[in-house]
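*Asks:* Numbering (the working numbering), first residue to last: 743 to 831.
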């Protein structure tokens with residue numbers, strides 16, 4: 743697996759299969775086949791985000807729940823609260 747992290751917080755924003763195409767551009771990140779994109783990430787780009795490979799997928803992965811080191815180690819963010827639970831209250 744690989745992950746896209748926000749450089750400022752190092753939080754894992756997306757968790758992606760190794761064989762999935764990701765293009766880190768100056769103004770955006772393109773996801774999927776070049777000729778038929780699945781989606782574009784407009785708020786992240788090669789200047790404020792990093793693509794890290796060699797990541798092991800935790801069973802409970804959720805965007806922003808983990809930080810990621812350069813070697814692909816994921817660590818739960820201290821004090822992380824599941825937003826799905828907060829939304830139910």
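Where is the CB? At the ideal position from N, CA and C, for every residue including glycine.
Would you mind giving the Cβ-Cβ distance between residue 787 and residue 807, rounded to the nearest angstrom? I have them listed as a contact below 8 Å.
*Replies:* Rounded, the Cβ-Cβ distance is 22 Å, inconsistent with contact.
*Asks:* Per DSSP, what kind of secondary structure is residue 788 in: helix, strand or coil?
*Replies:* Residue 788 falls in the coil class under three-state DSSP.
*Asks:* At a threshold of 7 Å, does residue 793 count as lining the ligand MN (C-beta to nearest heavy atom)?
*Replies:* Because no ligand of any kind appears in the structure shown, any question about the ligand MN cannot be addressed here.
*Asks:* Going along the chain, which residues of its own chain have a beta-carbon closer than 8 Å to the beta-carbon of residue 798, five neighbours each way excluded?
*Replies:* 743, 814 and 816, listed in sequence order.
*Asks:* Hey, residue 766 and residue 791 are a contact pair by Cβ (cut 8 Å); roughly how many whole angstroms apart?
*Replies:* Going by Cβ atoms, the distance from residue 766 to residue 791 rounds to 7 Å, so yes, they are a contact pair.
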